[in-house]
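Engineer: If you read the sequence shown in UniProt numbering, its first letter stands for residue 1, the second for the next number, and so on. The structure follows.
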Amino acid sequence: MSSVGTPDPNSGWLSDDELTSIRMRLPLLYVEAVPVRIDGLGRVVEVGVLLRASHTGEMTRTLVSGRVMYGETLREALFRHLEKDLGPMAFPQLPPSPVPFSVAEYFPMPGLSAFTDDRQHAVSLAYVVPVTGTCEPRQDALEVTWLAPDEAASDGIAREMEGGRGVLIRAALASVGCLP
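Pasting the structure below:
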């Protein structure tokens with residue numbers, strides 16, 4: 001912030017008013033992470049999903065997710081959101097290449113894709129990220145639940161996931177050979 005209380009134009013952050021205005025006019029870029037625990041052979045043995053209370057008080061499950069700031073690399077954004085949602089001791093192992101397993105397009109109008117976000121049109125690059133440390137959620141996440149891959153891909157968990165993210169979990173697991 002500058003001395004007169006206006007946002008620093010080089011900070012990468014948007015004010016609430018700017019964000020609301022932009023969300024009504026442009027798709028925004030996000031990164032999403034499916035945190036996983038792997039065994040010694042690199043096979044996924046657990047999938048982490050976040051439990052959150054929505055702005056209406058409804059309990060939902062979701063993934064690590066957040067916007068990419070102006071001037072921020074995808075790797076930096078991914079790391080920042082993993083640390084923000086899982087805590088500083090999660091020790092995520094970022095992929096060597098910033099190539100996502102999927103690109104998800106969220107629309108405020110249901111039916112245009114499997115993904116919805118009533119606030120905006122957003123494009124999300126999705127990654128599977130092994131986590132080796134202790135996860136203690138921060139910000140608005142209440143807890144991280146670790147599930148076996150078949151449970152994470154179940155219809156029951158998909159119904160609890162916000163915005164169609166159950167589809168994204170299944171795609172993540174398929175991309176690492178856990179689903180046919």
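Note that CB positions come from ideal geometry on N, CA and C, so glycine has one too.
Going by alpha carbons, who is nearest to Met-59 out of Ser-65, Val-49, Leu-173?
Structural biologist: Among Ser-65, Val-49, Leu-173, the Cα nearest to that of Met-59 is on Val-49.
Engineer: Which term fits Gly-111, buried or exposed, when burial requires 16 or more other beta carbons within 10 angstroms of its beta carbon?
Structural biologist: Exposed is the call here.
Engineer: Within the continuous beta strand (DSSP E) that includes Ser-65, where are the two ends?
Structural biologist: Run containing Ser-65: 64-67, per the beta strand (DSSP E) assignment.
Engineer: Could you check which residue in Leu-82, Leu-63, Leu-29 has the C-alpha nearest to that of Gly-71?
Structural biologist: Of the candidates Leu-82, Leu-63, Leu-29, the one whose C-alpha sits nearest the C-alpha of Gly-71 is Leu-29.
Engineer: Would you mind sorting Val-45 into buried or exposed? The rule is 16 or more other CB atoms within 10 Å of its CB.
Structural biologist: Exposed: under 16 other Cβ atoms inside 10 Å.
Engineer: In three-state DSSP terms, what is Ser-154?
Structural biologist: It is coil, neither helix nor strand.
Engineer: Return the bridge partner residues of Phe-115 from the DSSP annotation.
Structural biologist: Paired residues: Tyr-106.
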